[in-house]
Amino acid sequence: MMWTVFIIAADALAGFSLPYGPPPRTDIISCPSPLRLQALPFASIHKDISPFLRAMLSSRGKKNADTFDIPWRYAVAPTYNKETNPGGVISLGLAEHVPVRTDVAEYINNNVKFNTDSICYGSMAAEQPLAGAAASHLNKYLKPRKPIDPEMVVKTNGCSAAGNMLAFALAEAGDGVLISRPVYGRFELDYGVQGGVEIVYADTDPDEAFSTACIEKYEKALADAEAKGVRIKAVVIVNPHNPVGRCYPTDTLIEILKFCNKHQLHLVSDEIYALCVFDSGYPDAPTFTSVLSLATPDLIDINLVHVLYGFSKDFASGGLHLGFIVSHNAELRKALSAIVRFHGPSSAVETIGTTILQDEEFVANFAEKSRRDLAHSYRITTSILDEEGINYIKGGNAGFFVYIDLSPYLPNDGTLQPQEREFTLAQKLLDNGLFLHPGEEHCKDLGWFRLVYSHDEHVLREGLGRLVKTIRS
Numbered sequence: 003m004m005w006t007v008f009i010i011a012a013d014a015l016a017g018f019s020l021p022y023g024p025p026p027r028t029d030i031i032s033c034p035s036p037l038r039l040q041a042l043p044f045a046s047i048h049k050d051i052s053p054f055l056r057a058m059l060s061s062r063g064k065k066n067a068d069t070f071d072i073p074w075r076y077a078v079a080p081t082y083n084k085e086t087n088p089g090g091v092i093s094l095g096l097a098e099h100v101p102v103r104t105d106v107a108e109y110i111n112n113n114v115k116f117n118t119d120s121i122c123y124g125s126m127a128a129e130q131p132l133a134g135a136a137a138s139h140l141n142k143y144l145k146p147r148k149p150i151d152p153e154m155v156v157k158t159n160g161c162s163a164a165g166n167m168l169a170f171a172l173a174e175a176g177d178g179v180l181i182s183r184p185v186y187g188r189f190e191l192d193y194g195v196q197g198g199v200e201i202v203y204a205d206t207d208p209d210e211a212f213s214t215a216c217i218e219k220y221e222k223a224l225a226d227a228e229a230k231g232v233r234i235k236a237v238v239i240v241n242p243h244n245p246v247g248r249c250y251p252t253d254t255l256i257e258i259l260k261f262c263n264k265h266q267l268h269l270v271s272d273e274i275y276a277l278c279v280f281d282s283g284y285p286d287a288p289t290f291t292s293v294l295s296l297a298t299p300d301l302i303d304i305n306l307v308h309v310l311y312g313f314s315k316d317f318a319s320g321g322l323h324l325g326f327i328v329s330h331n332a333e334l335r336k337a338l339s340a341i342v343r344f345h346g347p348s349s350a351v352e353t354i355g356t357t358i359l360q361d362e363e364f365v366a367n368f369a370e371k372s373r374r375d376l377a378h379s380y381r382i383t384t385s386i387l388d389e390e391g392i393n394y395i396k397g398g399n400a401g402f403f404v405y406i407d408l409s410p411y412l413p414n415d416g417t418l419q420p421q422e423r424e425f426t427l428a429q430k431l432l433d434n435g436l437f438l439h440p441g442e443e444h445c446k447d448l449g450w451f452r453l454v455y456s457h458d459e460h461v462l463r464e465g466l467g468r469l470v471k472t473i474r475s
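Written as structure tokens, this is what we have:
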């Protein structure tokens, strides 16, 4: 059997007459059944018609499509398997806690019972069981000064969605949110892709971001943004921090609260790693403190403080897409509730989340196992980095990563632009089977990479070996 595929030039469709491309034509291609689309030369066909396709998009659509053309914008998928594909790519760039995922999967299979409520449309109302379970969990582990009520919890399908929602509810397109760097690199997408909100960076060093000296940098970034006509609406922090792997000291958090109150800026504290704090061997490393445990009327209007939390890190369950926005601000919660229909978790995921959070014994035991595993992986990683003389930000005790300085190993032949030097090193690493994301954390200095160590030990050691091999070659 033969299938015939007709490919009609875009400018021959529906009477369109376009000022580019070849004259109208119809190409006929014959191929055996079943049809294998990837075997056809569609790349050249798409090149011919892509201007027409782009013209179909709104300005927002064009801007979003352009993000796929940014070099190294998106991560490379891991393909390594010790038995079946030992030469595959190891990714030490994706922040997942791999070794404990099995515990969560087994718990769900053994304990979660779905019912008709789990497959219906569900409700975004706060009185639903998940909001109550989340409030109880967060009261226990965040230790807020004022208890979190279920009505203060907005359920989302993850913290990325939460950032998207806050961008829409707190700012206009073209406004900005202020963030010290280095920082988690996807805030540009979370706040910018739909909300059109700009990320304005305060140029802090990795160490400086945790000291009260960061306030001076915040003030400068705020003034510079306003001078350029960018209105700052919020400060965003990640605590525990991504990518440095530290917790903010209490005195720094207090100064950030006071800074936000002074300028009437919202403070969004992403506390998604709250339970991922461990003993790393640094006795002076600050422990985790939630901003909700510090926010008092003498420091800040509580209606300006909002906390993000989710399952992807503390419960190694990024694929569940379950997150929460916690806020005392009733008007903000109303605004969020109007758009949560586009960003809410499924009823089945709510059933899973409720079951887990209500089982306090499982949560406590899982968190303890998670901390032990992270501490073990951290010590393996830092010992190898120390042995090889690779610089990194020391004093970490949280999260899944260390922030390493590979600037001494950047190529420098005089022909490459600064970012191209990072890309070239990243490609060299990838050629040796290791993915690290270049420039992803927007460090003001060149050559810094986030290295994720939350892997099975044999994968971690193999990945670190590939790193050492690359920089020594």
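Going from the sequence shown to the numbering used here is simple: count from 1 and add 2.
Every residue, glycine too, gets a C-beta built ideally from N, C-alpha and C.
Discussion item. If you reduce the DSSP assignment to three classes, tell me which class L96 lands in.
Written reply: For the purposes of this step, residue 96 is identified with residue 94 of the sequence shown, where counting begins at 1. Note: L96 maps to coil in three-state DSSP.
Worksheet item: Just checking, does the segment 403–415 make contact with the segment 449–468 on the three C-beta pairs under 8 Å criterion?
Response: As far as the Cβ criterion goes, the segment 403–415 touches the segment 449–468, which means the pair count is three or higher.
Worksheet item: I274 by DSSP, collapsed to three states: which one?
Response: Counted from its first residue, the sequence shown places residue 274 at position 272. In the three-state scheme derived from DSSP, where H, G and I count as helix and E and B as strand, I274 is classed as coil.
Fill in: Extent of the continuous alpha helix (DSSP H) run through F170
What you label residue 170 is simply residue 168 of the sequence shown in a count that begins at 1. Residues 161–172.
Discussion item. According to DSSP, simplified to helix, strand and coil, what is S329?
Written reply: Here the question's residue 329 lines up with position 327 in the sequence shown. Correct three-state label for S329: strand.
Practice prompt. List the residues that DSSP assigns as beta-bridge partners of W450.
Written response: The sequence position of residue 450 within the sequence shown is 448, counting from 1. DSSP lists D407 as partners of W450.
Worksheet entry | Three CB pairs or more closer than 8 Å across the segment 228–248 and the segment 206–220 | These segments touch.
Item to complete: Would you check if the distance between the CB atom of L462 and the CB atom of S379 is smaller than 8 Å?
Response: Residue 462 sits at position 460 when you count from the first residue of the sequence shown. Residue 379 sits at position 377 when you count from the first residue of the sequence shown. Cβ distance < 8 Å, so L462 and S379 count as in contact.
Worksheet entry | Anticipated Cβ contact below 8 Å, V185 with H444, distance rounded | Residue 185 sits at position 183 when you count from the first residue of the sequence shown. Residue 444 sits at position 442 when you count from the first residue of the sequence shown. Contact flag correct, Cβ pair sits at about 6 Å.
Worksheet item: Cα separation between K371 and L334?
Response: Reading the sequence shown from its first residue, position 369 is the one you call residue 371. Reading the sequence shown from its first residue, position 332 is the one you call residue 334. Each residue's CA atom was taken as its position, placing K371 and L334 some 37 Å apart.
Discussion item. Quick check on DSSP: helix, strand or coil for N393?
Written reply: Along the sequence shown, one-based indexing puts residue 393 at 391. It is a strand residue.
Practice prompt. Check whether the segment 172–182 touches the segment 311–328, taking contact to mean three or more Cβ pairs, one atom from each stretch, closer than 8 Å.
Written response: The segment 172–182, when compared against the segment 311–328, does not touch it at the 8 Å Cβ threshold.
Item to complete: May I have the straight-line CA-CA distance separating R343 from R56, to the nearest angstrom?
Response: Translated into positions along the sequence shown, residue 343 becomes position 341. Translated into positions along the sequence shown, residue 56 becomes position 54. Using only the alpha carbons, I get a separation of about 29 Å.
Discussion item. Report the CB separation of A400 from C216 in whole angstroms; it is logged as a contact under 8 Å.
Written reply: Taking the first residue of the sequence shown as position 1, residue 400 is located at position 398. Taking the first residue of the sequence shown as position 1, residue 216 is located at position 214. Wrong, their Cβ atoms sit about 18 Å apart, outside the cutoff.
Practice prompt. Please go through the same chain and pick out, in chain order, the residues whose beta-carbon is closer than 6 Å to the beta-carbon of A41, but skip the five residues on each side of it.
Written response: For the purposes of this step, residue 41 is taken as the residue at position 39 of the sequence shown. Low confidence applies here, because A41 scores a pLDDT of 40, under 50, leaving its location unreliable; read the following figure in that light. Cβ within range, chain order: n/a, list empty.
Worksheet item: If you drop the 5 nearest sequence neighbours on each side, which residues of the same chain put their C-beta closer than 6 Å to that of T426?
Response: Taking the sequence shown and counting its residues from 1, the one referred to as residue 426 is at position 424. For T426, where only same-chain residues beyond five positions count, the Cβ hits under 6 Å are P413.
Fill in: C-alpha gap between K115 and T353, whole angstroms
Within the sequence shown, numbered from 1, the residue matching residue 115 stands at position 113. Within the sequence shown, numbered from 1, the residue matching residue 353 stands at position 351. If you take the alpha carbons of K115 and T353, they lie about 8 Å apart.
Worksheet item: Which residue comes first and which comes last in the beta strand (DSSP E) that contains I258?
Response: As a working mapping, residue 258 is identified with position 256 in the sequence shown. No beta strand (DSSP E) contains I258, which is instead part of the alpha helix (DSSP H) from 252–265.
Discussion item. Strictly by DSSP, which residues pair up with P83?
Written reply: Numbered from 1 along the sequence shown, position 81 holds the residue referred to as residue 83. The question names Pro, yet the displayed sequence has Asn at residue 83. Note: N83 sits in a beta bridge opposite N87.
Discussion item. Can you tell me whether T158 is helix, strand or coil according to DSSP?
Written reply: Translated into positions along the sequence shown, residue 158 becomes position 156. If DSSP states are grouped into helix, strand and coil, T158 belongs with the strands.
Fill in: Length-filtered (4 minimum) alpha helix (DSSP H) runs lying within the segment 176–243
List check, alpha helix (DSSP H) in window: 189–194, 216–229.
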